[in-house]
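Heads up: the structure comes next, in structure tokens.
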Amino acid sequence: MTQRSIRFSAIGALLPAMLFIAPSCLVHAQERTGPRPSDPYLQNEHSARPAVDGLPGGLVQGARLYAAKCATCHTLSRSLRQSDLSSTEWEDIVYRMRNRASSRMTDEQAKAIVSYLAWNGQHGKK
Amino acid sequence: MRDVRTKKSYLAPAMSLLAGIGLSICVPQQSSALPQFARRYNLKCYACHTIPPVLNEQGYMFKRLGFRLPPSLAQGEAGPTISYLVQNEKEWNVTNNVAFVVSDFGYQSQRSTQEGSDPTSQSGAQVLAMNSFFAGWVPDTNFFYLSEFDIVTNGSTTPNIAQAYIGYSGGNARSSWYVAGGRELRQTGEGTRAAQVFSLLPSSPLLFETASPTNFLVDQSPVGLGAGYTWAASSYRNILAISAKVTNGVNADGSEALGLSTRQSEDAWVDADWWYAPESGVTFVDYFGTKDQTQNAGLTNEFTYRANIRRQGVFANYMLRYKVDFLGGYLRSRDGWLDPNGGPAGLFTGNDLFGQVDYYPLRGFGISGRYDRLNQRVAGGPGPTSIYDWTGAVNKALTPAGNVVARIGFSYLAGRDPLYALKATTRLVEADVMFNF
Chain A
88 MTQRSIRFSA
98 IGALLPAMLF
108 IAPSCLVHAQ
118 ERTGPRPSDP
128 YLQNEHSARP
138 AVDGLPGGLV
148 QGARLYAAKC
158 ATCHTLSRSL
168 RQSDLSSTEW
178 EDIVYRMRNR
188 ASSRMTDEQA
198 KAIVSYLAWN
208 GQHGKK
Chain B
529 MRDVRTKKSY
539 LAPAMSLLAG
549 IGLSICVPQQ
559 SSALPQFARR
569 YNLKCYACHT
579 IPPVLNEQGY
589 MFKRLGFRLP
599 PSLAQGEAGP
609 TISYLVQNEK
619 EWNVTNNVAF
629 VVSDFGYQSQ
639 RSTQEGSDPT
649 SQSGAQVLAM
659 NSFFAGWVPD
669 TNFFYLSEFD
679 IVTNGSTTPN
689 IAQAYIGYSG
699 GNARSSWYVA
709 GGRELRQTGE
719 GTRAAQVFSL
729 LPSSPLLFET
739 ASPTNFLVDQ
749 SPVGLGAGYT
759 WAASSYRNIL
769 AISAKVTNGV
779 NADGSEALGL
789 STRQSEDAWV
799 DADWWYAPES
809 GVTFVDYFGT
819 KDQTQNAGLT
829 NEFTYRANIR
839 RQGVFANYML
849 RYKVDFLGGY
859 LRSRDGWLDP
869 NGGPAGLFTG
879 NDLFGQVDYY
889 PLRGFGISGR
899 YDRLNQRVAG
909 GPGPTSIYDW
919 TGAVNKALTP
929 AGNVVARIGF
939 SYLAGRDPLY
949 ALKATTRLVE
959 ADVMFNF
């Protein structure tokens with residue numbers, strides 16, 4: 088192996104690693120700020136999943152499905168703050184979203200998400 | 529037996545072909561995620577992309593509906609008309625129609641070898657791409673538009689209007705149509721995922737990016753007129769679509785004919801797509817056109833030959849459990865070819881294919897690998913030749929919205945060109961970060 092190709096390999100390995108590590112550290116630094124006191128069921132403003140601690144057992148699945156199905160496109164904070172919506176209104180929204188392209192949601196999953204969102208509206212912010 | 533002069537006549541196109549192949553793997557893919565749309569609807573990039581810039585089914589429908597979000601399509605209910613969607617669009621403002629900069633910063637290291645020449649190595653950190661987009665809809669109408677202004681391309685400052693088109697969409701969300709005219713990048717939102725030039729890898733499949741000996745390649749931005757029809761089932765379980773376009777085609781040197789031309793001919797493209805939920809699809813592509821081919825360029829016996837160009841392809845992907853995407857494609861090439869040494873008219877033939885696997889262990893994290901192979905032959909040439917390419921990459925979104933994506937990729941290409949059978953290899957390592965804002 089020539090001197091040049093050795094240098095080529097070393098740079099090629101180091102720089103990509105630096106490019107990945109540095110921005111990741113920034114992201115993790117943001118996540119360490121934790122949930123805001125006013126949003127007990129949000130782990131983080133931009134977190135990919137809501138906290139499930141303290142949720143009634145029957146709603147845990149809905150919370151997880153909400154994170155998997157809805158938080159893909161929506162930030163958690165935006166939809167969870169619509170706490171003045173009734174169960175019927177949430178049902179209308181979730182079922183409309185279910186019929187969109189790429190929703191990947193079954194009827195059962197939609198019901199679980201509606202239950203979670205309706206409960207969150209009543210109890211999520213105190 | 530070929531004399532020295534004959535070799536020279538082959539050497540120029542052979543060199544340009546090899547250079548083109550080498551270039552195709554070190555050129556970063558076009559960064560065409562449009563963050564203004566995410567801003568407009570307050571959505572993450574993932575609403576329309578698996579990882580930017582790779583479009584998902586919703587992104588495809590978004591484009592087909594004239595840059596409007598696909599509405600709900602419940603069983604037994606009529607789809608809302610495009611005009612109804614227009615009435616419910618958000619208020620028009622500049623911010624929601626402009627992506628001021630889409631940038632790609634990276635480090636590349638490349639080493640190339642070619643039979644009969646000394647190996648070359650290049651490396652450096654650079655601005656790989658910097659583009660600005662203006663796209664959206666004309667207020668209160670069904671018209672839509674897109675323009676792309678490229679400031680930096682492939683590490684060079686080359687200001688260029690890469691795309692500029694306007695269209696009109698009609699019908700309803702279940703059964704829609706559009707017409708559009710202007711300059712538009714091929715294979716963007718036309719074709720299911722395997723048929724689109726955007727990839728998680730540092731380069732698009734070779735069969736899109738490699739110029740044939742007739743200087744024709746699929747990945748181009750011709751000026752022309754196009755129309756399309758889209759049908760969607762309830763909840764978008766199935767989407768059937770067809771697109772047809774008539775364009776100016778390309779000049780003898782492979783550049784797009786953007787204005788008046790002496791070619792006196794048009795090219796025709798047809799795409800037929802079938803998406804089936806979730807995120808899988810099949811696409812058939814057919815192209816027919818003609819173009820000038822300058823032979824023995826620069827020599828006293830230079831002449832021009834008008835070749836018929838034909839491309840037919842089938843592309844498919846299958847998404848398994850939303851985690852693993854299997855993609856593949858085949859492109860058949862049949863181009864007219866007149867041997868520069870006075871031989872009889874014949875054909876350039878290509879049977880090109882690729883297979884790719886994208887694995888998404890987490891949202892915004894993708895691991896990809898691809899194998900490309902071009903099997904080519906030209907009348908009067910040295911016989912069948914092949915070029916293959918192994919490519920791999922890891923993509924990681926650095927923000928929850930997915931608008932900053934880091935990538936590490938590598939590629940190893942080797943093979944012989946169909947004109948002179950010169951062996952060449954190119955090895956590329958690339959690390960880049962793409963910003964969409």
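Taken in sequence, the protein lines are chains A and B. In terms of the working numbering, the numbers along the first sequence are unbroken and rise by one, the last being 213. In terms of the working numbering, the numbers along the second sequence are unbroken and rise by one, the last being 965. Backbone N, C-alpha and C fix where the C-beta goes; we use that ideal spot for every residue, glycine too.
Cα atoms of G841(B) and G144(A): separation of roughly 52 Å, rounded to the nearest angstrom. As for any beta strand (DSSP E) of minimum length 3 sitting wholly inside the stretch 756-805 of chain B, the runs are 766-775 and 795-804, ordered along the chain.
Ranking G607(B), L848(B), G664(B) and W705(B) by CA distance to the CA of S762(B) puts G607(B) first. A check of alpha carbon separations from N700(B) across F671(B), A723(B) and Y612(B) identifies Y612(B) as the nearest. Secondary structure remark: continuous beta strand (DSSP E) runs of at least 3 residues inside the stretch 574-658 of chain B, in chain order: 626-642. F812(B): member of the beta strand (DSSP E) spanning S808 to Q823, first to last residue. Between F965(B) and P563(B), the beta carbon gap of about 6 Å places them in contact (Cβ cut-off 8 Å). Counting along the chain, L735(B) sits inside the alpha helix (DSSP H) bounded by residues L734 to E737. When 8 Å is used as the limit between beta carbons, L571(B) is near these residues of chain A: C160 and H161, in chain order.
A straight line joining the alpha-carbon of A566(B) with that of N845(B) spans about 26 Å.
Of the candidates W797(B), T811(B) and A796(B), the residue whose Cα lies closest to the Cα of W803(B) is T811(B). Put simply, the backbone Cα of T953(B) is about 44 Å away from that of Y764(B).
Between P733(B) and S939(B), the C-beta spacing is not below 8 Å.
Note on W865(B): 16 or more other CB atoms within 10 angstroms of its CB, so buried under the neighbour-count rule. Inter-segment contact for the stretch 588-602 of chain B and the stretch 649-659 of chain B is absent: fewer than three beta-carbon pairs are separated by less than 8 Å. As DSSP reads the structure, L753(B) sits in a beta bridge with G709(B) and V774(B). Close CB contacts of R592(B) within its chain, under the 6 Å cut and outside five residues either way in sequence, are with T758 (chain order).
Closer than 8 Å to the CB of E643(B) there is not a single CB belonging to chain A. Residue pairing of R849(B) in beta bridges, as defined by DSSP: absent, with no partner found. For the pair of segments examined, the stretch 767-777 of chain B was found not to touch the stretch 920-933 of chain B: the number of CB pairs separated by less than 8 Å stays below three. Per DSSP, M192(A) lies in no alpha helix (DSSP H) and is assigned neither H nor E. Taking 8 Å as the threshold, the shortest C-beta distance from A606(B) to chain A does not fall below it.
Closer than 8 Å to the CB of E585(B) there is at least one CB belonging to chain A. Interface annotation, N186(A): in contact with chain B, CB-CB separation under 8 Å. With 16 or more other CB atoms across the displayed protein chains lying within 10 angstroms of its CB, I837(B) is buried. Contact between the stretch 776-784 of chain B and the stretch 681-689 of chain B is absent: fewer than three C-beta pairs spanning the two stretches fall below 8 Å. With its beta carbon less than 8 Å from one in chain B, S189(A) belongs to the interface. Residue range S174 to R185 is occupied by the alpha helix (DSSP H) that includes T175(A). Within the model, the alpha-carbon separation for V181(A) versus A800(B) is close to 32 Å. Contact of R183(A) with chain B is assigned, a C-beta pair being separated by under 8 Å.
If you look at L674(B), you'll find it isn't in any alpha helix (DSSP H); it sits in the beta strand (DSSP E) that goes F671 to T681.
Close CB contacts of L713(B) within its chain, under the 6 Å cut and outside five residues either way in sequence, are with Q691 and S749 (chain order). Taken atom to atom, the span from the alpha-carbon of R791(B) to that of K819(B) is near 7 Å.
Just so you know, the alpha carbons of I200(A) and C157(A) end up roughly 9 Å apart. The continuous alpha helix (DSSP H) containing A566(B) extends over residues P563 to Y569.
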